[in-house]
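Protein chains in written order, with our numbering: chain P, 546 to 757; chain L, 26 to 35. Cβ atoms here follow ideal geometry from the backbone N, Cα and C, with glycine treated the same way. Below: one structure, written as structure tokens.
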Amino acid sequence: MNIFRLLGDLAHLASIFILVHKMHTTRSCRGISFKTQALYVVVFVTRYIDLFYSWISLYNFVMKIFFISSSCYILYLMKYRFRPTHDPTLDTFKVEYLAGPCFALALIFNYHFDFTEIMWTFSIYLEAVAIFPQLFMMQRTGEAETITTHYLAALGIYRALYIPNWIYRYYTEGTVDPIAIVAGIVQTGLYLDFFYVYFTKVLQGQKFELPA
Amino acid sequence: EQGNVVHDEL
Chain P
546 MNIFRLLGDL AHLASIFILV HKMHTTRSCR GISFKTQALY VVVFVTRYID LFYSWISLYN
606 FVMKIFFISS SCYILYLMKY RFRPTHDPTL DTFKVEYLAG PCFALALIFN YHFDFTEIMW
666 TFSIYLEAVA IFPQLFMMQR TGEAETITTH YLAALGIYRA LYIPNWIYRY YTEGTVDPIA
726 IVAGIVQTGL YLDFFYVYFT KVLQGQKFEL PA
Chain L
26 EQGNVVHDEL
């Protein structure tokens, strides 16, 4: 554990709390892509299969349980509690276009050709692109609530902070995880446009609006 | 290289 990874994980936790807080206070899931949230459930469930056979640490265990359960809870809120506030006609990105190629890539580029390892690799690739339906939805509506942008910023910063963590681990432990690193850089790259608008507009007190 | 790869990150 190092400071970058810890801060990254805390940003990830924060993003989830911001999202749940937004839904409860506004009693709405408007502006949130159900598809992206469903992809995160798939990401966590396929990545943390090792909960059944591998013990890393109490921290690792608790975080994994939290990510799986909170992502399921978010789907429950969207599907049942606040269902009328979700507009499926805005959430039209085809997730097959993400899951299919990610699975094919996981079959080709992995560390070990067995079930759990391919699932882990698939989850890493899928996480990198899971934000697409959300970004696509914002592109369509051209705007986002401020609280939603705080959620996305925390979510983007989480993976961005893993990059200095990998650099740090390379120098201190000599460990390199090329699959996580390449996917993590792609994942962070997808947020650059968003980060630009977030830091130059939202944090200056303006509304998140995209040029028409 | 045998067995499972250990992934200690989240």
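| Check | Outcome |
| --- | --- |
| Ordered list of alpha helix (DSSP H) runs contained in the region 629-700 of chain P, each at least 4 residues | 641-653, 660-674, 677-686 |
| Element boundaries [alpha helix (DSSP H), containing Val588 of chain P] | 579-592 |
| Three-state secondary structure assigned by DSSP to Phe606 of chain P | helix |
| Proximal chain L residues relative to Ile601 of chain P, where beta-carbon distance stays under 7 Å | Asp33 |
| Interface positions of the region 636-657 of chain P facing chain L (Cβ-Cβ less than 7 Å), listed along the chain | Tyr656, His657 |
| Three-state secondary structure (DSSP) of Phe627 of chain P | coil |
| Beta-carbon proximity list for Ala705 of chain P, same chain, < 6 Å, skipping 5 on both sides | Thr733 |
| 8 Å Cβ cut-off: residues of chain L touching Arg550 of chain P | Glu34 |
| Glu26 of chain L in three-state terms, based on DSSP | Low confidence applies to Glu26 of chain L: its pLDDT is 44, below 50, so where it sits in the model is not reliable enough to give any reading. |
| Spatially closest choice to Val587 of chain P from P:Val640, P:Leu635, P:Pro709, by CA coordinates | P:Val640 |
| Interface partners of Ala728 of chain P on chain L, CB under 7 Å | Residues of chain L passing the Cβ test: none, with the nearest at roughly 12 Å. |
| Gln679 of chain P classed as buried or exposed, judged by whether at least 16 other C-beta atoms fall within 10 angstroms | buried |
| Short Cβ contact (8 Å threshold) for Thr693 of chain P with Gly553 of chain P | no |
| Residue-chain proximity (Ala675 of chain P, chain L), Cβ-Cβ < 8 Å | no |
| Contact under 8 Å by Cβ, Phe589 of chain P with Phe612 of chain P | yes |
| Contact residues within the region 721-750 of chain P, judged by C-beta distance below 8 Å to chain L | Asp722, Ala725 |
| Rounded separation between Asp595 of chain P and Thr661 of chain P - CA only | 8 Å |
| Tyr741 of chain P versus Tyr703 of chain P: straight-line alpha-carbon distance, rounded | 16 Å |
| Under 8 Å by beta carbon: chain L residues contacting Met608 of chain P | Leu35 |
| For Phe753 of chain P: DSSP bridge partner residues | P:Ala689 |
| Chain L within 8 Å of Asn547 of chain P, Cβ atoms only | no |
| CB contact flag (Met568 of chain P, Leu622 of chain P, <8 Å) | yes |
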